[in-house]
Amino acid sequence: MTKILLFMVSCILTNNFIFSRFLGCCPFLGVSRKVETAASMGLAVTFVMGIASFVTWFVYNLILVPLNIEYLQTGAFILVIASLVQVVEMFIKKVSQPLYRALGIYLPLITTNCAVLGVAVLNVNEGYGLGYSVMNGVFGALGFTLAIVLMAGVTERLETSKIPQALKGFPITLISASLMAIAFLGFGGLA
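With this note's numbering as the guide, the letters of the sequence shown map in order to residues 995 to 1185.
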């Protein structure tokens, strides 16, 4: 049980996809303007990464490996992820039009979010079984969600702060992101 708990904590904090692996930086910098939008995007990514980890494990282990075509993993994983994102996009459009409009172009861009593909490839490279693959996808995505929600909170706070003209906009965003990454390095000895 301790091993599983440490694995979950390491997925969220120590091996954070944004601050440690530098995967998923585009939505991190693009969606993190409002906390609500960032949280919604994070939940959508969590769903996609969890399901993608589950499905890609089966695709790899039950189709690609038996047929000896492991070299097709990237293309196969992209097809799975694109299909899942389409389902999520249709579901959000049906359930919540305001959220669908708020996420805008970033929702279909989950397909090209390198963190989603990264978790599928990482699961294969690390040789994780089905359980660890799904946990890596879900808790890695929760780490992603934590990062974009924290960044959205910082961004909202920066909008009301006095910032030198030369640092306004993207420069202060990069400075804030780098300071957050340094803060997350502190979790390195935790798990």
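Think of the CB as a built atom: it goes at the ideal place given N, C-alpha and C, for glycine as much as any other residue.
Where the alpha helix (DSSP H) through residue i begins and ends
i, result
"L1078", "1067–1089"
"T1050", "1029–1052"
"S1133", "Before going on, a small fix: residue 1133 reads as Phe here, not Ser. Run containing F1133: 1124–1153, per the alpha helix (DSSP H) assignment."
"C1108", "1108–1120"
"S1170", "1164–1179"
Proximity winner among the options, relative to residue i (alpha-carbon distances)
i, options, result
"G1121", "V1059, S1014, L1101, L1066", "V1059"
"V1042", "G1182, T1008, F1071", "F1071"
"R1027", "S1170, I1075, N1107, L1111", "S1170"
"L1168", "G1180, L1152, G1183, K1156", "L1152"
"I1012", "E1083, G1183, M1174", "M1174"
"I1104", "G1123, L1116, E1150, A1135", "A1135"
Distance between residue j and residue i (C-alpha atoms, nearest Å)
i, j, result
"I1086", "A1146", "21 Å"
"T1139", "V1132", "10 Å"
"E1064", "L1161", "47 Å"
"L1111", "F1052", "15 Å"
"N1010", "Q1159", "32 Å"
"P1102", "V1029", "20 Å"
"V1118", "N1055", "9 Å"
Original post:
Contact between the stretch 1082–1091 and the stretch 1011–1023: three or more CB pairs below 8 Å?
Top reply: no
Original post:
At a cut of 8 Å, does the stretch 1121–1131 reach the stretch 1028–1047 through at least three beta carbon pairs?
Top reply: yes
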